[in-house]
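S.K.: Take this structure first; my questions come after.
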Amino acid sequence: MAQPAWQDPVLLPLDTAPVPEYGSGSLADLLPTLVAGQEVPGFTAAIPELTPADRNCVFLIDGLGWEQIIAHPDEAPFLHSLLPTSRGGTGRPLTAGFPSTTATSLASVGTGLPPGEHGLPGYTARNPETGELMNQLRWKPWTAPKVWQPYPTVFQLADAAGVHTAQVSAPTFEQTPLTKVALSGGSFLGRLSGEDRMDVAAQRLAAGDRSLVYTYYSEVDGKGHRFGTDSDAWRGQLMYVDGLARRLAEQLPPRSALYITADHGMIDIPFDEQSRIDFDEDWELRAGVALLGGEGRARHVYAVPGAQADVLAVWREVLGEQFWVASRDEAIAAGWFGPTIDERVYGRIGDVVAAAHDDVIITASVNEPHESAMAGVHGSLTPVEQLVPLLEVRS
């Protein structure tokens, strides 16, 4: 018997979406665990596999996920050799949190809170007070930082408890709102070269009996976005950052632990119509939508008043075989943004949340030309984007 020409789509069940390990093995749990071991009041060790150290250094490599390290032993021999040390010697990764994107992850790292509490739930999100899309990486349009993210950072609380605290990063990041709400506390030391950052981080680590030092490198992510992770440019950056990690590890002062991690992984998406669905050219997806937020693999969809149910139904029908498509309340109930959602954060989450399962993205060629042209992307719940290392070196 012939099959009908059209069949109902087989939707991805929401309970098949991997949920980040909030509370036991996510990026938000890292700093609270480290400072608990340094006897900073108010914190408990959330990642039980980690052993306390007097001096802790976190080196965050933007965009270098767990699966990228596994796949590139030749380009990253030092990092690859440390894979068995990950997560306290278990050889397991952490989860980034949802969405797996820089603004969200850095806020999770610095505040020790999941996205539903710190309130940076994506690359862009609607400000319920103004109705505008807020770019939480570039902080546009301007929004009062302490209103948007009111919680103190772990660095601030550690510094107040007498831990020698420092961030070592590019000078341009010192005064950014994202740094202020996510990574401030103690001293900020701006250094242009990666080598200088590693050297200064080691010096700052040695400067206190109890130290907490954070350092950061961005260009693995930058080259991945522009050229993809299958490019010579990306592999060159991986080789370079592998050397930086070794340089820092070789300078650790006594009683130190170095943790090398990342904010997300990355996936390359082909440049074809099947893999890149253009929202700006798709009348079905646009119907009833007031604002499109998030990014290609983790979309916040804000419906015009009264159209929420219709938008959810259409997005499920069109995309539900390739994306986990949830209503706001379904995504919250599933734990995508953490175990609790602050009231101020609820309206920042889309009426519909779409997280990619397949190798596909939702672009917006007119409104997001730069982002739509990226070769490498991230944001969703899949292992290649979600899993990040927690490589460890001790002295």
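My numbering puts the first residue of the sequence shown at 5, with every later residue one more than the last. Here a beta-carbon is modelled for each residue, glycine too, at the ideal position from N, C-alpha and C.
Report yes if the CB atom of L209 is closer than 8 angstroms to the CB atom of P145, and no otherwise.
M.R.: No, they are not a contact pair.
S.K.: Please name the residue, chosen from W328, S215, D333 and D346, that lies closest to A21 on a Cα-to-Cα basis.
M.R.: Taking only the C-alpha atoms, the option nearest A21 is W328.
S.K.: Measure the beta-carbon distance from V167 to L193 and round it to whole angstroms, keeping in mind my assumption that it falls under 8 angstroms.
M.R.: Contact flag wrong, Cβ pair sits at about 16 angstroms.
S.K.: Can you tell me which of S260, V322 and T169 puts its alpha carbon nearest to the alpha carbon of R290?
M.R.: When each option's Cα is compared against that of R290, the closest is V322.
S.K.: In three-state terms, what does DSSP make of L38?
M.R.: If DSSP states are grouped into helix, strand and coil, L38 belongs with the helices.
S.K.: Mind checking which residues open and close the beta strand (DSSP E) that includes A266?
M.R.: Neither: A266 is in no beta strand (DSSP E) and is coded neither H nor E.
S.K.: Could you tell me if Q7 is buried or exposed, where buried requires 16 or more neighbouring beta carbons within 10 angstroms of its beta carbon?
M.R.: Bear in mind that the predicted position of Q7 carries a pLDDT of just 49, short of 50, making it too unreliable to give a figure here.
S.K.: Quick check on DSSP: helix, strand or coil for R259?
M.R.: Three-state DSSP puts R259 in coil, outside helix and strand.
S.K.: Can you tell me where the beta strand (DSSP E) with F102 in it begins and where it stops?
M.R.: Per DSSP, F102 belongs to no beta strand (DSSP E) and is neither H nor E.
S.K.: Span of the beta strand (DSSP E) holding W328?
M.R.: F327 to S331 is the span of the beta strand (DSSP E), which, as asked, contains W328.
S.K.: Would you identify the three-state DSSP class for S90, choosing helix, strand or coil?
M.R.: Of the three classes helix, strand and coil, the one that applies to S90 here is helix, per DSSP.
S.K.: From what residue to what residue does the alpha helix (DSSP H) around S85 run?
M.R.: Element bounds for S85: P81 to S85.
S.K.: Where does M243 fall in DSSP's three states?
M.R.: Note: M243 maps to helix in three-state DSSP.
S.K.: Would H374 be called buried (16 or more neighbouring beta carbons within 10 Å of its own) or exposed?
M.R.: Exposed, by the Cβ-count rule.
S.K.: Could you give the first and the last residue of the continuous beta strand (DSSP E) run that contains D163?
M.R.: Taken as a continuous stretch (DSSP letters only), D163 belongs to no beta strand (DSSP E), being part of the alpha helix (DSSP H) at V158 to A164.
S.K.: Pairs of beta-carbons, one from the segment 349-368 and one from the segment 228-239, closer than 8 angstroms: are there three or more?
M.R.: Cβ pair count under 8 angstroms is below three, so no.
S.K.: Which one or two residues does DSSP pair with N139 in a beta bridge?
M.R.: T128 and K144.
S.K.: Residues bridged to T169 by DSSP?
M.R.: According to DSSP, T169 bridges with L216.
S.K.: I need the straight-line Cα distance from L137 to E299, nearest angstrom please.
M.R.: Answer to the nearest angstrom: the Cα atoms are 12 angstroms apart.
S.K.: With Y306 and G297 assumed to form a contact (beta carbons below 8 angstroms), what rounded beta-carbon distance in angstroms separates them?
M.R.: At roughly 6 angstroms, the Cβ-Cβ gap stays under 8 angstroms, so Y306 and G297 are in contact.
S.K.: Distance, Cα to Cα, I366 vs A253?
M.R.: Approximately 40 angstroms, taken between the alpha carbons.
S.K.: Do the CB positions of L395 and G269 come within less than 8 angstroms of each other?
M.R.: Result no, Cβ atoms of L395 and G269 do not sit closer than 8 angstroms.
S.K.: For a quick check, are the C-beta atoms of A368 and D276 less than 8 angstroms apart?
M.R.: Going by C-beta atoms, A368 is not nearer than 8 angstroms to D276.
S.K.: Enumerate, from N- to C-terminal direction, the unbroken alpha helix (DSSP H) stretches of 4 or more residues contained entirely within the segment 293-330.
M.R.: Runs found: 312-323.
S.K.: Ignore the nearest five residues each way along the sequence and tell me which others in L110's own chain have a CB closer than 7 angstroms to its CB.
M.R.: Counting only Cβ-Cβ distances below 7 angstroms, and skipping sequence neighbours, we find L182, A186, L187 and D267.
S.K.: Measuring CB to CB, does L98 end up less than 8 angstroms from G29?
M.R.: Yes; because the gap between Cβ atoms is below 8 angstroms, this pair is in contact.
S.K.: Can you give the Cα-Cα distance for A107 and E71, rounded to whole angstroms?
M.R.: Using only the alpha carbons, I get a separation of about 21 angstroms.
S.K.: Could you please give the first and the last residue of the uninterrupted alpha helix (DSSP H) stretch that includes F231?
M.R.: Start and end: E223 to F231.
S.K.: Is it buried or exposed for Q179, if we count other Cβ within 10 angstroms and need 16 for buried?
M.R.: Exposed is the call here.
S.K.: Work out the CA separation of A311 and G41 for me, nearest whole Å.
M.R.: Their backbone Cα atoms lie some 50 angstroms apart in a straight line.
S.K.: What's the call for T344, buried or exposed, on a 16-neighbour Cβ count within 10 Å?
M.R.: T344 comes out exposed.
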